[in-house]
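So for the sequence shown, our numbering puts the first residue at 92; every next one is plus one.
C-beta: ideal position from N, C-alpha, C; glycine also.
Heads up: the structure comes next, in structure tokens.
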Amino acid sequence: MFKVRAVSGVILVAIALATILAGGPVLIVTLLFCSVMGMQEYFKATGAAEGRIDQFGKISPLTAAAFLGAVCYYVLLFLGQEKWYGPEIVLTLLLILAVYVFTFPKYKAPQVAAVFFGLVYVAVMLGFIYLTRAEENGQITVWLIFLSSWGADTCAYLAGRAFGKHKMAPVLSPKKSVEGAVGGVIGAGILGVIFSLAFNGGEMMAVYLITCACGALISMIGDLAASAVKRDHGIKDYGTLIPGHGGILDRFDSVIFTAPVIYCLTQLLM
């Protein structure tokens with residue numbers, strides 16, 4: 092299992108490198124694919140579509156409205172139509188509510204809420220990777236998202252194995268420790284400094300350090316939030332798409348939270 096996980100991890104990193112370096116249509120299509128798959132996993136986990144949806148299975152009218160909203164949102168991202176981002180999300184909510192009304196009582200209100208939440212939680216938040224990449228110097232700053240999520244996760248794991256004694260969230264994630272979390276934040280900050288030295292001669296060292304450290308903190312909340320949903324619904328993994336890692340949400344849970352924060356911090360500090 093460790094070998095499978097390691098190979099899958101290398102492939103995943105390679106795909107991330109290739110798509111982010113390419114940017115443009117390649118990145119937008121990749122993110123849309125990840126969003127749709129992640130939304131399916133979330134809908135299955137929460138029973139948002141009467142429990143009938145599986146990873147490649149049936150799509151209900153309710154979830155179809157959310158998928159359509161995700162596609163339209165990514166088209167707007169690609170076209171750079173910033174003024175339409177908010178209205179498009181609201182219009183998708185109206186479409187979801189229209190399905191709810193005209194198929195009543197097929198769906199319950201909690202399902203409607205879960206479907207709309209899945210759209211925002213997965214598709215909209217992942218879209219901030221593209222928004223960060225599309226900014227000036229985005230080909231550099233976009234990597235801070237992964238340094239402060241996947242990098243922090245690795246540093247937290249190593250620190251937790253070496254020094255972990257105090258449980259951070261024993262119910263949600265018994266293996267995570269306070270010492271590991273501290274190590275993850277410090278490690279992400281150090282990675283930010285190294286990244287700054289490598290790509291801009293250290294001119295933005297303090298900013299990169301702060302950005303990665305803050306991103307690391309948020310990434311841990313994202314990881315625990317995804318775990319909370321799984322615990323609520325009694326599942327171990329969201330899916331099986333990535334061998335050894337689970338589903339899209341299992342691998343991108345921290346990235347989903349980190350991407351909007353890194354985008355905002357780069358706008359504010361850079």
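Start and end residues, beta strand (DSSP E) containing residue i
i	result
residue 268	264-268
residue 388	Residue 388 lies beyond the range of the chain shown here (92 to 361); nothing can be said about it.
residue 260	258-260
Residue from the options with nearest C-alpha to residue i
i	options	result
residue 320	132, 116, 102, 111	132
residue 234	360, 359, 358, 353	353
residue 300	337, 232, 257	232
residue 284	224, 302, 106	302
residue 324	288, 263, 271	263
Rounded straight-line distance, which links the Cα of residue j to that of residue i
i	j	result
residue 273	residue 102	28 Å
residue 143	residue 136	Bear in mind that a pLDDT of 42 at residue 143, under 50, signals an unreliable position, so the number given afterwards is only what the model happens to contain. One C-alpha to the other measures close to 11 Å.
residue 197	residue 134	16 Å
residue 349	residue 253	25 Å
residue 216	residue 351	6 Å
residue 358	residue 281	21 Å
residue 148	residue 191	Only weak support exists for where residue 148 lies, its pLDDT of 47 falling under 50; the value from the coordinates is given anyway. Straight-line Cα distance between these residues: approximately 21 Å.
residue 204	residue 120	26 Å
Classification of residue i by the beta-carbon crowding that lies within 10 angstroms, buried from 16 upward
i	result
residue 83	Any question about residue 83 goes unanswered here, given that the chain covers just 92 to 361.
residue 115	exposed
residue 202	buried
residue 129	buried
residue 156	buried
residue 218	buried
residue 106	exposed
Enclosing alpha helix (DSSP H) for residue i [first to last residue]
i	result
residue 321	296-323
residue 128	115-137
residue 214	Counting along the chain, residue 214 falls outside any alpha helix (DSSP H), and DSSP gives it neither H nor E.
8 Å contact criterion, which residue i and residue j should meet: CB distance rounded
i	j	result
residue 311	residue 275	7 Å
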